[in-house]
Every structure is written in structure tokens, then in C-alpha cells.
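Numbering (mature numbering (1 follows the signal peptide of the UniProt record, and there is no 0)), first residue to last: -23 to -1, 1 to 1242. Note that beta-carbon positions come from the ideal geometry of N, C-alpha and C, so glycine has one too. All figures in this text were calculated on a predicted structure; none of them were measured in a lab.
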Amino acid sequence: MLKSKRALVLSVISLLGSLVSLAGSEYRTSSNGSNSNAESSHYEYNDSAFVNHSGNVIEQISPKSLKNLRHIKPSSPSFALNAKTAGNQYAIDDDLNSTQAAYSSVGPSPMMAALRGHYAIGTHSEPPHVKFAILLPEKPRNRRDVRILSTIRPVIEMATRVVTGPEGVLRNVRIEIDYRDTQCSSTYGALGAFDIFLKRKPDVFFGPICDYVIAPIARYNSVWGIPILTTGGLTDAFSIKPNYPTLTRMMGSYSDTGLAVREIRRHFNWTVQAFIYHDNDENKGKGHSDCSMAISSIFRALNTTDYFSHNFDETETSYKDYLQFLTKTKRKARIVIMCASPATIREIMLAAAELNMVDSGEYVFFNIEIFSSMAATKKPPWFVKNDTDERNQKAKNAYTALLQVVARQPEDEEYRRFSEEVKQLTKANFNYTYAEDEPVSTFVTAFYDAVLLYAYALNDSIALLGEERALQQPINGTHLAHLMWGKSFKGITGNVTIDANGDRLSDYSLLDLNPNTGMFEIVANYFHDGGLHFVEGKTIHWSGGRLTAPPDRPTCGFDGSLCPDKSLPGYAILSLILGVCVICMAIASILGYRHYKLEAEINSMTWKVHANEVLSCNPSHGHRGSMHLMAKRGSQATIYSEDLNSLPGDRQIYIQFGFYKGCKVAIKKINIHNLNLNRTMMLELKRMKDLQHDHLVRFYGACLDPSPEPFVLTEYCPKGSLQDILENETIKLDWMFKISLMHDIVKGMAFLHSTEIHSHGALKSSNCVVDSRFVLKVTDFGLHQLRKPTEELDQESYAYWKKLLWTSPELLRDPHHDPAGTPKGDVYSFGIIVQEIVSRQGPFYTGDDEKSPKEIIKLVKNGPESYGMPFRPRVDETSYEDVNNIMVKCWAEEPLERPDFNLLKTIIRKINKENESGNILDNLLQRMEQYANNLEALVEERTQDYFEEKRKCEELLYQLLPRSVAAQLIMGKSVIAETYDQVTIYFSDIVGFTSISAQSTPMQVVDLLNDLYTCFDSIVENFDVYKVETIGDAYMVVSGLPMRNGNLHAREISRMALALLAAVYKFSIRHRPNEQLRLRIGLHSGPCVAGVVGLKMPRYCLFGDTVNTASRMESNGEALKIHVSSTTKQLLDTFGTFDITERGLVPMKGKGEMLTYWLNGEKTESSFKSPAKPPDGVGGPVALLNGVPPTGILNNNNNSAMYSLNSANGGGGGGGGTTKKLNNVSYNFIKSNSTKNLPNTKARVSLGGEDTIRGVTQPLLTQIN
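Okay, here's the thing in C-alpha cells:
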């Protein structure tokens, strides 16, 4: 059915071609002008110029240079092909009858005669010419195959230029070249061939390269009688020349590749191999892949029966699949022949490395990569830019077991020059740029040899017929094709030999990876006429460090059948097995019972604690860590201290405790998430639970549930750690007590070392705690997975190095040592603790030569190299000699020289023998009574400190929030937002502040704002107002809240504004004393809501439209003026003392136009009115203040000379110091109920009145001066 459809398609194409040919004008006899309108572009060559069909010279070309060839872009093809038809592919091995049937269906006709006819190479009216037809894809079908129009056109044109040159074999012949894009589609390729045949009547086809395109076109050419030369069609199907009588293959066939592999296999005496290759999924209609065809040809050439084969579709195969079929391959063969894309080969080799098929050196992989020019490239195939360095390194190692079989590429200088010329021409004229290290493939340059071969054959044909006769007689393509067969000549790719079947005899190279350079190098070459030849000085680098090639099968075979059976008789084996089984069963029964019992105990989880079983107390009632003096707290140390290698979360000051089954316990939370409770940890928890000793802290259990939070319970020791006691100078320790403490440590550690825990790993004075009976116990041992810190300490921190002071030198030198430490390391730590007890100067006391912990650790790690002897703490020779000996032995440099704790227990028992008989209880009671007295004094002292700090905090809060609001917060009450019917809000900012800031340093800006707001704050304190906030240069004040004051809020704010404005006139900027600070003020009255916002840094904020309007009043005001709204003006009019001038309607953002006013000052009872403009050009109103100005106003202690004033008499007005005149204006502030005492001086502005605020003049004068 499929063949009949194909025949029908071919019949339709043939009929369509006949109609087009009959309808068109006679192509060969048409004029040059008609040819110039051809739809498909082409080139013509003669001996001197590059011309088109109209006979016009396009460009003169030097015979020695092809760099400036101009490209004529093709016009639209006459056949508009639908891309959807590209799916109809023709199989290579279709029966020839399909094609013949297509032509026979047309029947004999003049057109078919024309199709089968041949054409003369010229007439008497025009010079001899030959037409080339190039059938190639414009885009590559894969990354390996670059045989496309852009890369092959320059090669063909260079060859054409040579053969038609002055010294060429066709120097008197003009060559026309036409191109078609096959798209590697049997449909598009066939239609393109028909199109170019009907329109151009070509004399020879170069290409196609894709097997499924070559098949139909080569069959057509057998009918048309046109030679076809290609570097494709390597499959064995094209060797059947009766089906393809005019096909010449310029790169041979896959059979040649098989011969090369066969020769390699014979050289190494291999007979067993596996084939792994990529093939398309035939259900998708793609046909067989190139790799499938290549492997099939190689298989036939090897003629083997001992093999294993596996094919896969690389587009649907994963890395896991590679592992699976390589596992099968391991059991079948050791020599693996592969064919796939480079990316797939890399994944297969990585899988092989994972299966130990590389490092074992027993396997060899061959990659059939004949299209590659790997020998000339500088890019290693194992390297992938986007992959990790680790995988790239693994791939490089895997490629040591890989050998590559590639088409041999010439290595002479002529070919290198030719390649460079091709690259330059391709880039200049054909818009294709080779990569920097990309060589020109021989499958591309072989087209150069194809043109030469055709030219030689055509020249031979002309020579046989005679030039005169050849010009008039049609070219016989079939005869010409057979003239090419059996020919040998020197081509650009080397010696070209075409066999009698029309196939080139190809040569191949064997490539091996050089492990030093990471590049593949040629180690051997296969020549079709000389066999396999190894390159002199090159050897194959076999994987696994082998020096010779591995055998192709194991010694005993893959199934062990090649080795003789030396096993015991069956009955002997049976008896032996039964005996062993009985013994094993007995042992297993004993072990099983013990294991069952142990597992039962482990699974019972007696250590497990439920959260609801623990009554937790407030952590604030706990005790501080061991870094604090014991006199300052009752402490539970060790696992609760700040710098210990203990459970996560140790860096906390207080330890939470509680009650569990009537016992007071310490609760330690675990900050390890996603805890994996495996058998090992459960076993360790069981051992910790079972561990009990008088001098070891008891482990009660653990709650490892993630909710609410995991924790462990241990015995609670309220007296703190040994480190606490030693650091507390109020506790006096005599030698009896010191040796008793040492004895307790030794007894606890001796027992710990005898258990399955074996060692402590973090023994130090802070891990030795004292219970309520002054019994010393060791803690913080075991459970190292839980005690792993959640975050690493900074290696430059003091705490990081200090915690290492007790660590032995051998552990310090090993940064990855076991956290559990070693028994000898614990002995060293005990020696440092003894030094602490004896000297009470902290660990590693070195006398006057004080060193940091970091320096000490480095000296200890260096060993005897630093001082000629190991660096150790200073030993007081006056101390107890026996104790000194213990210290020195315990911290010996060599671990084997240190005594164990059993020996130490014996030594200390002898030292403490006479003291054991004494009454220690009386001494303990005396120490406890002294400790209690010290605590009472400390409690009273800390109570006083607490109340003082409380007072300071409340005072600070009163400054941040209104006193009434702060009082509610202190009492723990929530502050509810409150609505106020009438308040007056003040806004001000500094005009030109941005310019001042830009011209000042940041510190100068800070000083300016600090001076200004210090001045403002001093003034604001004397009015019934509340300062809300300052933002940059903006200042916000309100009156009427939080304490309501009726309608007085407008007057209070206005008077404050006048006072602030008056102060601004006298304000001097430190770093710009001659510049007047210009303040812009806006006032508005109305309702608002006030409340506290936020939990952290709470703020007392105002909300409502009144706030926005007040801000608009300020922003729309003018410098050194007070801008008031009509609402505020109405309230001020009720007092009758303020001088207000109407400004007019002012547009406000979001408000429209508003009627606003200027506040000029406050009038006195004598109807004094301030001038509209201050003397000497000082802009803005001057306030007539009634009342006492604020104490300390404008008296800045940080800048006492900032403000100055001249009195009416020209002297200092009570300031007692030198004053300076600001802006040539003198101010005289007087205290008076009337204006009769005001000086009548134009250079003075008088301020008076005292209706409600008392004593205004003299204090203000004093503060300003």
C-alpha cells in the first residue's frame, strides 16, 4: 500500500514536470535575456569572469584568490512546498520497481524522451558550458554534521574556479551553478531535484547528503542519466549499483569503517564484542538512524556470531537506562562498540565509570564518530561548560577507556592552508563562521575532490570524442559516471581512489585520550591499502593503569565455564554446610536472644519523656551561666553556660528548670530540626538513661517530639559549676577541699571510661557542676549528635579559642576529630582543671606573660617546636608537690605517657587519705553559711540598682510619650485612641534646607539641627503644648491634647510660634554665621484623633484632616512668616490681642482655594502694633510676647556664643560677656504693663505685655545674651 502511494506521488510529480516543460519555452535555445529572468539563482564561470545568464560580468575574479566572490541571492523557487509534506520519507531499501512504475505510468512521450536525453556541452553560438546542481540542506541536521550549503558552496566554487582557470582541465568551459535546499527531507529533496532538472537541465548533481534524500534522487538520475556525487550515502544499500548506476560516493561507505574496526580487533586478538547504538523509534516514522546503519555495516564486516547488541532511542533514554543496559553488557562482553551523539556518549561513559567499568581496566569502548574532526579540534569532548567541575573530572577519567574511530584527515600544510581559506571565504560570503577551534571536516572538503573528479572525467570524455565532436554531441551521464569509477588522483583530502563500484576507498584514524592534556590524539591510522599503522612514539593509554590491552573475556569466561571444576564432592559439601549451619544456628540463637532483649529495651524507650509530664518553671527564676561569678547567682553550669561545646542553644544566660516525677530537673531545649531518631541514637539514649554514678549528672530522659519543642532533662545542680566556684573569690578553698574536688572528678571520669560511652570529649571546669550538697559531678557527656552546635562560632572570637584551652594537642591538630574525644584527651583536660583548682587564675595561667587564648592554642599545637618543649601553664613550685606531679603527667605531650583515671584515682586517694577521716560536714556548713550571707548583701545591692534603672527608664519614656500616655503604659494598660474636638497644630520647616545640606558636611547638618531643636525644645517647654515629632527639618507641635485646654490651644500655639520666630532671628548657624536661617510656619485648628501606634518604638501620632491642612498651611507659607488658617484666625480673634493680616485666597492641594492670614504679632493693652517689616530688612513679624520665656531658652551650652544681642544702651544685656550684633538689629526686651517705657528708637523692636505668662523680658534677654 505504501509503495503504491509512493508510485502515485512520483507519477503526479512526473506529469506535473511534463506539463511545466511543455508549457515553457525551449530552455536551451532561449536567448540570454530570457535566461536572466530565471527564478533560481546560479553562477557561471569562464576563464576570466564571473557572469550571469545575460552575459554581463558580475565581478572579475583573480584565478589565485576566491576571497571576493559575490553571492547572488536566489529568488523564490517555482515550487511553493508545504512544510507538512516533509513527513513523507522514502525508505532507502524500497524496491526499485516503485520508481520505475512511476515513470512507466506516464507512458512514452516527447517529454520523457527529453528527460532521458543528454545535452551537448555547447553550441557554435555560445561557449561550452556545464551546469552544476547542488542539493544540500541549509540547516544542519545535527551538531556533528556541518555539511550544509553555507559550508560546501565555497568549497565547490573554489574547485570550480580551479578547474576553469587558465591551468584547469576545463579552462575553456563555462560552469553554471544552481542550488536547492533539500531540508534533509525525501519530499523536499525530490521536488527540488525535479524543479532544478526541469528548469536548468543540469549535467551533474552534487549532493544530497542525507540517506533518505539520496535514495529517490539517485534512482531518478538513473532514468535521467545524470551523474550524482556526494559525501553522504554511506550505508550498504547504496553499494547495489544496479539501483543507483550514476551514484559516486566520495567518502566511501560504512563497510570501510567496518574493515577498519575489523583490523583493530584482529590486531588486539579480540573476538567478542557488544554493540550499543542509537536508533530512532520506528513507530515515529523517522526510519533508521545513521548510527543504526553504521553499526549494521560494521557488524556485517566483522562477520561475528559472538556478540551482544542493544539499541536505544537517545531522545527517550535516561541515565538510569544507561546503567541498566551497561550492567547487562558487563555480563556479555568487554569490548563495546558504540555510536550515538557526543552528549549521549558522555552520559554512557559516566554510567560506565559508576559501574567500575573504567577504573577496573577490563573494558574498552569504541565510539564510531566518522563525521567528527576530533583529531584537529582543541575542545575536549568530555568537557561540558554548563556541567559541574566534579562531573567534568569524572567524564575526563571515564574517557580514558574510550577510543574514537574517525575519518582520517590530512595533516599536511597544503590542507591547513586550504582549510583557512575556506573558513575566510565562508565567513565573508556565506554568513557562516567556524568556531575558533573548529576544523573543516573532510566530509565538506571532499566536495572539492568531487568537482575535480567530475572535471577529470569530463575532460577524459572530451579527449575520447575529440573536442569538435564533444561540443555537438550530448553528454552521456551514465558513461561519464563510469569514467569516474576506477580513477585515482591527488585531491585536497589526499590520495583519492574510486573503486570499480563508484565508492571511494576511505582511510580512518584511531584516537586515544592523552590523560596529561585531556585531548584526543591520533595513535594509529588505517589505510585501505596498507592496514593498521601505529603512529611512531604514540601508545594507547589503557584505563585502570594497564600497560597492555585487556582480554576480551575473563579467564574463566563470563559464566565461569572455561575453568575446571575443583569443588568438593556433593556429600562433603553437604556435611560441611550442615555442620556450619548447626553451629551458626546455635550462635545465632544466643545472639538473637540477646539482640531481642536489647531491641526490646531500646524500643521500650524508657528515656522518653512526654511534654505534659514536665512542670516547667519561669526561666527568669533560673540561674546564670558559668561565665558569671557564683556570687551573682545560684547557677546551673555546664550545659547551660555560654561558651561550652554542649547542647544547641547553650548561649543563653538563664536555664529553665522544672519538676519531673517529683524531682527538680534542668530543662534544655534542642535547636536541631529534622532530627533522625535512628537505632544508634536510641541505643545511646538508653545507655545514658541506664548510666548512674554519684559523680555523674543523671540523665532523666528526653522529649524529641517536634511540637512544642524537643528538650532533654538532666539532674539540676543549683550551686553552679566548678568554674563558678573557682572564679568566686569570696569562697575560700583549702587544700583539703581542692583535693576533694579533684577526687570527685577522677571517680566520675574513671567510671565513665569503663562504660560504653568510653570518653567525655569536652571535659572542662565548666562541665563539672556542684549540687546542693557540694558534691561535684561531671556533666555534658554523650549524645554528641544532640550537642552539636547549631551555628559555628566566629574563629576570630575570644569564646571560640577559649573553649579549646582544655583540648589536648593531638586533637587540636586534627580539625575533624571525633566530638567524643579520646580517653587520653580527657586526662589532658583533667590536668588543665587541676591547674585551675590550684592557681584559681583561670585555665592556662602563664604568670605575668599573659597571652590570648588564640596565641596559647597555636603554641600548644606547635608542640616542642616553639619553646624547645611543649607549652604548658605555669606550675607554682610552692604548691603541693604531689599535685604538681599529677598536673605534669596528665598534660604530657605523648598521649601514651599520660596516666589513666584508674591510676589517678589511686594516686589521689593516697594524697587525700588523711583528710578523708576528718569531719568535712562542718566545713561544708560553714562555707554554705558564708555563701548565704554574701547572697543577702548582693540581693539588697541589686534591688537598689533595679529601682534606679527603673526610674531612668520611666524618665526616658516620659520624654518619648505624653506623661498621661506613658503612665498608662507603665501600669500595663492599653492606650485607646481618643478624639479631640478642637486642637491647633503647628508645622514648620526651614526654607532652603536642601541647599544648606548640599553645601554642608553631614556632621555640620547634624550640629545645625541639634542646635536648632535644642533651642526650640527649650521654648516649647514653657507653653501648654506637646511636641509630636521632628522629621528632618520639619517640626510638629500640637496644643489641646492629650490634656484639653478649651480654646486656649490656638493662643498657646500662636505665642509659641511667635517665640520660635523671634528666636530664629537670633539663631546663628555655626559653620555659616552670616546666613539668616529662614523658618516657615503654618498653623491650623480643627478636630483630630490621637493614639499610640506600634509595639516596637511606639509613637504617639495624630490623625485627621486637620494634620494635612496644617501641613498645607506650612508648605504654602513664606519664609519668616506665620501662615494661619481662617479657623485659627477665628479662634485668635476671640482673644483680641493678636495682630493678623489677611493674605487672601490661596490654592491648597486637595482643598481648593482657602482664605488664609498672616500672624504678625500679639498686641498689648496699649494697642502697640508691630511693624509690618522689621528694621534693616529683616523679613517677617516680631512677636510681642506676654509671659515668661522658657528657662534656658537659646542658652546652648555647646555653643554659648551662638546668639548675641545689643541692649538699648549698646552694652551686654545681662549676659556678662561680649555680644555681637545680628543683621545690624538691636533688640530690647523689657518687662512692662504698658508701652510708655518703650524707647522711641527705629533701630529697636520692643516686646512687652504679661497677660498670662509672667516675667517675659529679662529672662529672655539673659538667655539670648
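Quick one: Cα of residue i to Cα of residue j, how far?
i, j, result
"Val1015", "Val1041", "20 Å"
"Thr128", "Pro792", "60 Å"
"Ala90", "Gly202", "Here Ala90 scores only 34 on pLDDT, less than 50, and its place in the model should not be relied on; the value that follows carries that caveat. Ala90 and Gly202: Cα-Cα distance of roughly 12 Å."
"Ile1030", "Lys1004", "11 Å"
"Asn165", "Ala378", "Checking the displayed sequence, the identity of residue 165 turns out to be Tyr instead of Asn. If I take the Cα positions, the gap works out to 42 Å."
"Leu551", "Ala563", "18 Å"
"Val181", "Val200", "13 Å"
"Pro1124", "Tyr923", "57 Å"
"Glu998", "Met1033", "10 Å"
"Met846", "Gly840", "7 Å"
"Tyr96", "Pro179", "Because the pLDDT of Tyr96 is 43, which lies under 50, any placement of that residue in the model is unreliable, and the number read from its coordinates should be weighed accordingly. Going from the Cα of Tyr96 to the Cα of Pro179 covers about 9 Å."
"Arg226", "Gly534", "42 Å"
"Ile967", "Leu915", "54 Å"
"Lys1126", "Tyr775", "60 Å"
"Asn1085", "Asn1022", "22 Å"
"Arg308", "Leu327", "19 Å"
I need the DSSP call for residue i, collapsed to helix, strand or coil.
i, result
"Trp1135", "strand"
"Glu1091", "helix"
"Ile517", "coil"
"His735", "coil"
"Asn472", "strand"
"Glu827", "coil"
"Ser843", "helix"
"Phe676", "strand"
"Thr128", "helix"
"Thr1118", "strand"
"Lys371", "helix"
"Pro1050", "coil"
"His1100", "strand"
"Ser995", "helix"
Kindly identify the DSSP beta-bridge partner or partners of residue i.
i, result
"Leu509", "Tyr503"
"His255", "Phe289"
"Met315", "Ile253 and Asn344"
"Met1013", "Phe964 and Glu1006"
"Met1125", "Gly1129"
"Ala384", "Tyr485"
"Phe466", "Val473"
Along the chain, where does the alpha helix (DSSP H) that runs through residue i open and close?
i, result
"Thr883", "Phe878 to Ile888"
"Met719", "Trp712 to Ser731"
"Met665", "Arg656 to Asp667"
"Glu813", "Pro800 to Ser816"
"Ala776", "Tyr775 to Lys779"
"His1061", "Counting along the chain, His1061 falls outside any alpha helix (DSSP H), though it belongs to the beta strand (DSSP E) covering Leu1056 to Val1070."
Could you give the residue range of the beta strand (DSSP E) that holds residue i?
i, result
"Glu692", "Phe688 to Glu692"
"Thr377", "Where Thr377 is concerned, there is no enclosing beta strand (DSSP E), given that its DSSP letter is neither H nor E."
"Arg226", "Leu224 to Arg226"
"Lys305", "Note, Lys305: premise wrong, no beta strand (DSSP E); alpha helix (DSSP H) at Tyr296 to Lys307."
"Tyr573", "From DSSP, Tyr573 is part of no beta strand (DSSP E) but of the alpha helix (DSSP H) over Gly547 to Ser581."
"Val642", "Cys640 to Lys646"
Using 8 Å as the cut-off, can you tell me whether the segment 713 to 726 makes contact with the segment 878 to 890, which would need three or more C-beta pairs spanning the two stretches below that distance? A contact exists between the segment 713 to 726 and the segment 878 to 890.
Evaluate contact between the segment 368 to 384 and the segment 473 to 489, counting only Cβ atoms and requiring at least three cross-stretch pairs below 8 Å. As far as the Cβ criterion goes, the segment 368 to 384 touches the segment 473 to 489, which means the pair count is three or higher.
Are at least three pairs of beta-carbons, each pair with one atom in the segment 185 to 200 and one in the segment 250 to 259, less than 8 Å apart? Contact fails between the segment 185 to 200 and the segment 250 to 259, because fewer than three Cβ pairs, one in each stretch, are under 8 Å apart.
May I ask you to verify whether the segment 455 to 471 touches the segment 403 to 416, counting CB pairs closer than 8 Å and requiring at least 3? Under the 8 Å Cβ criterion, the segment 455 to 471 does not count as touching the segment 403 to 416, having fewer than three qualifying pairs.
Decide yes or no for the touch test of the segment 1064 to 1082 against the segment 942 to 953: beta carbon pairs closer than 8 Å, at least 3 of them. The segment 1064 to 1082, when compared against the segment 942 to 953, does touch it at the 8 Å Cβ threshold.
So, does the segment 965 to 985 touch the segment 1035 to 1050, judging by three or more C-beta pairs under 8 Å? The segment 965 to 985, when compared against the segment 1035 to 1050, does touch it at the 8 Å Cβ threshold.
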